[in-house]
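Peer 1: Below you will find the structure I want to go over with you.
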Amino acid sequence: MIEAGRRLEWLNARVIEVRVENFQVKTIVSEASGWTDHAAGQHVDIRLTAPDGYQAQRSYSIANAPGDGQRVGITVQRVDNGEVSPFLLDELRVGDTIELRGPIGGYFTWEPGDGGPLLLLAGGSGVVPLMCMLRARAKAGDLTPVTLLYSSRSDRHIIYREELDRLAAAGDGFTLVHTLTHERPERWIGETGLIDRPMLERHGPDRGANPQSFVCGPTPFVEAIANHLVALGYPGDRIKTERFGPSGDVK
Amino acid sequence: MMEENVPMDGNAAMGRLRDLFAVDLSNATVTCETCDREGPLAELLFYGGPVGVVLRCPACDAVNLRFLDTGRALNLDVRGLKRVRVGRTGA
Amino acid sequence: MAVTRGFTGRRRGEGEAQDRVPPGQFVTSDFPVLTAGPTPQTAVADWSLALQHGGKLLGKWSWDAFNALPQTEVTVDIHCVTKWSKLDTRWRGVTFDDLMGAAGIEKPPTKFVMAHCDGGYTTNLPVADLSSGKAMIATHYDGLPIPAAHGGPARLLVPHLYFWKSAKWVRRLSFQDSDRPGFWESLGYHIYGDPWREQRYDGDP
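For the protein sequence lines, the chains are A, B and C, in the order given.
Sequential numbering from 1 applies to the first sequence in my numbering.
Sequential numbering from 252 applies to the second sequence in my numbering.
Sequential numbering from 343 applies to the third sequence in my numbering.
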């Protein structure tokens, strides 16, 4: 699946859909002429150009399942006082064009048939590439056992909540565990607090089954989780990480 | 506004490196010149942001790779790596 | 290059002190942190600043001794090569001239200096761009000790050049015979870096 020898060109992508995911998150779907499909976990770089030529670039994980023609979906979370996310969330509209290049990445990817069992660990907007993996799995009817342990500040911060519930209700080997770190609603039945070793022991797959772990979110989250996994005996070469940088409050 | 200096990783640098390399290097196995740590390039810590790409060893923080596109030229420094291994299947 | 409808970036001040803004720059009220590596956390008890020439130590100051040197306050505009400029930034520290005076150096031994910093960062400068009041080793920004993320305990401040020359976490100024390039200069940034001539990269006139 790694495309050798192809120059990654900037493509023009026309926005065809904008979908509100929660109070601070939207999914923006574009049609990119020249797009050649992607694997779950890959990302795109997008580039914005101001009238005076100033350019800003950011990377976003691809949210939609592979095999979606020329459609490229990114899920964008607001960064307070950010330079790019307020534009994407507040200004960009259907019919506008943005530049993007991709798909990029060959390490933090999972394709149906790669096997498992899978342990997916999401911190905040780190859920996006993992959701892409879940969508790819569902689309292919793949039955690899997978657990998503998804950490959010509060239930308002959860992304893709209804779809995750639907996927979990399918009874096809996908286990969904939410944890909330800052506030929880009354009658919350999920976990609370930061993901720690006892929580991983409660929900993680049996180490003997040689699980593949994917950890994604802010850098401190990823590093803490990766350390926990290693301490619990998950083999280091079966732990893949993608660091999103500072926590979403700062950019 | 004060911004934290928190790195990303090699995954995020890959788009820029594709301006120079014909293949995606995320899975390339790289060996740190300073401490001999061996692992995927994707796991190197990515500093520099808009100034330039600086990838550092997650074990010892040594600079492993530097890359800068000046618009006029692409510049690469891999003195911090003693080896870069790219499997033909991409693994 | 296609303009993205509605995108302006995080800026603005059209007409705001435009004669103070070098070409290609925009004014910001933020103070972005840009680095090449993790933030060093050097305690002042462990800090020292050295002036050297080859193997010869010309001067060395502990934190207390350094802060006992004549203090200078400046208010200057700063310009980052990533295109943001920040106006009227206030700094306090010891000028390069006063440092040289404290070391008893009347005539610099060479024409060039390499600044060496905690974390390994380096940048090269002509002595002429450090002396005559053009530069200082700053310890305070906006009245407060410079936070580690912005280069504390002490950083170089050379505001007439692009801000990558204002090396954070400076520990040693080393006289060198030729203008050997530092960290960014050796990768393709301009050897000198005058924002008014837009000398961002190697090859810019």
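C-beta: ideal position from N, C-alpha, C; glycine also.
None of these values were measured; they are calculated from a predicted model.
Can you grab the Cα-Cα spacing for the pair C:Ala407 / C:Gly443, in whole Å?
Peer 2: In the third sequence, residue 407 of chain C corresponds to position 65, counting from 1. In the third sequence, residue 443 of chain C corresponds to position 101, counting from 1. Rounded to whole angstroms, the gap between the alpha carbons of C:Ala407 and C:Gly443 is 14 Å.
Peer 1: Which whole-angstrom value is the C-beta distance of A:Lys102 and A:Gln42, which I expect to be below 8 Å?
Peer 2: Along the first sequence, one-based indexing puts residue 102 of chain A at 102. Along the first sequence, one-based indexing puts residue 42 of chain A at 42. Reading the sequence as shown, one finds Gly at residue 102 of chain A and not Lys. About 6 Å; that satisfies the 8 Å criterion.
Peer 1: Does the beta-carbon of C:Gln383 have 16 or more other beta-carbons within 10 angstroms, so that it is buried, or is it exposed?
Peer 2: One-based indexing of the third sequence puts residue 383 of chain C at position 41. By the 10 Å Cβ count, C:Gln383 comes out exposed.
Peer 1: Name, in chain order, the residues that DSSP records as bridge partners for C:Arg522.
Peer 2: Here residue 522 of chain C is taken as the residue at index 180 of the third sequence, counted from 1. The partner list for C:Arg522 (beta bridge, DSSP) is empty, contrary to what the question assumes.
Peer 1: Closer than 7 Å by C-beta to A:Gly105: which residues in its own chain qualify, once you throw out the five before and the five after it? Chain order, please.
Peer 2: In the first sequence, counting from the first residue as 1, residue 105 of chain A sits at position 105. Within the same chain, A:Gly105 has close Cβ partners Gly41, Gln42, His43.
Peer 1: Rounded to the nearest angstrom, what separates A:Leu148 and A:Gly236 at their Cα positions?
Peer 2: The residue given as residue 148 of chain A occupies position 148 in the first sequence. The residue given as residue 236 of chain A occupies position 236 in the first sequence. Whole-angstrom Cα-Cα distance: 19 Å.
Peer 1: Note down, in chain order, each residue of its chain lying with its Cβ closer than 8 Å to the Cβ of B:Glu344, except the 5 sequence neighbours on either side.
Peer 2: Given that chain B is displayed from residue 252 to residue 342, the structure contains no residue 344 of chain B and the question cannot be resolved.
Peer 1: To the nearest angstrom, how far is the alpha carbon of B:Phe318 from that of B:Leu327?
Peer 2: Within the second sequence, numbered from 1, the residue matching residue 318 of chain B stands at position 67. Within the second sequence, numbered from 1, the residue matching residue 327 of chain B stands at position 76. If you take the alpha carbons of B:Phe318 and B:Leu327, they lie about 5 Å apart.
Peer 1: Using a Cβ cut-off of 8 Å, pull out every chain B residue sitting near C:Gly535, in sequence order please.
Peer 2: As a working note, residue 535 of chain C is residue 193 in the third sequence. None at all; the shortest Cβ gap to chain B is about 13 Å.
Peer 1: Identify every run of the alpha helix (DSSP H) within the region 252-334 of chain B, keeping only runs that are complete inside it and at least 4 residues long; order them along the chain.
Peer 2: DSSP assignment within the region 252-334 of chain B yields the following whole alpha helix (DSSP H) runs of 4 residues or more, N-terminal first: 261-268.
Peer 1: Decide if C:Val375 is buried, meaning its Cβ has at least 16 other Cβ atoms within 10 Å, or exposed.
Peer 2: Within the third sequence, residue 375 of chain C is the residue found at index 33, counting from 1. The residue in question, C:Val375, is buried, as its Cβ has 16 or more Cβ neighbours within 10 Å.
Peer 1: My output table needs one value for B:Arg339: the three-state DSSP class, helix, strand or coil.
Peer 2: Residue mapping note: residue 339 of chain B aligns to position 88 of the second sequence, counting from 1. In the structure shown, B:Arg339 sits in coil (DSSP, three-state: anything other than H, G, I, E or B).
Peer 1: Just the Cα atoms here: how many angstroms apart are A:Trp10 and C:Thr377?
Peer 2: Along the first sequence, one-based indexing puts residue 10 of chain A at 10. Along the third sequence, one-based indexing puts residue 377 of chain C at 35. Rounded to whole angstroms, A:Trp10 to C:Thr377 spans 27 Å at the Cα level.
Peer 1: What does the Cβ neighbour count give for C:Thr417, buried or exposed, with the cut at 16 atoms within 10 Å?
Peer 2: For the purposes of this step, residue 417 of chain C is identified with residue 75 of the third sequence, where counting begins at 1. C:Thr417 counts as exposed, since fewer than 16 other beta carbons sit within 10 angstroms of its beta carbon.
Peer 1: Using a Cβ-Cβ cut-off of 8 Å, state whether A:Asp249 counts as contacting chain C.
Peer 2: To locate residue 249 of chain A, count along the first sequence from 1; it is residue 249. Reliability of the predicted coordinates at A:Asp249 is poor, the pLDDT of 46 falling under 50, and the value obtained from them is presented with this limitation in mind. It does not; no Cβ of chain C falls within 8 Å.
Peer 1: Please return the same chain residues whose Cβ sits closer than 8 Å to the Cβ of A:Leu232, not counting the five positions on each side in sequence.
Peer 2: Taking the first residue of the first sequence as position 1, residue 232 of chain A is located at position 232. Cβ within range, chain order: Arg197, Leu200, Glu201, Gly204, Arg207.
Peer 1: Please report how far the alpha carbon of C:Leu515 lies from the alpha carbon of A:Leu134, in whole angstroms.
Peer 2: Looking up residue 515 of chain C in the third sequence gives position 173. Looking up residue 134 of chain A in the first sequence gives position 134. When rounded, the distance between both Cα atoms is 55 Å.
Peer 1: Mind the definition here: the region 452-469 of chain C touches the region 500-510 of chain C only if three or more C-beta pairs lie below 8 Å; say whether that holds.
Peer 2: yes
Peer 1: Looking at the C-beta of C:Thr346, does it have a partner C-beta in chain A at a distance below 8 Å?
Peer 2: In the third sequence, residue 346 of chain C corresponds to position 4, counting from 1. At a cut-off of 8 Å between C-beta atoms, C:Thr346 counts as an interface residue with respect to chain A.
Peer 1: Assign A:Gly102 to one of three DSSP states: helix, strand, or coil.
Peer 2: Here residue 102 of chain A corresponds to residue number 102 of the first sequence, with the count starting at 1. Strand, per DSSP.
Peer 1: In chain order, what residues of the region 102-123 of chain A put their CB closer than 8 Å to some CB of chain B?
Peer 2: Hits within the stretch, in order: Gly102, Ile104, Gly105, Gly106, Tyr107, Phe108.
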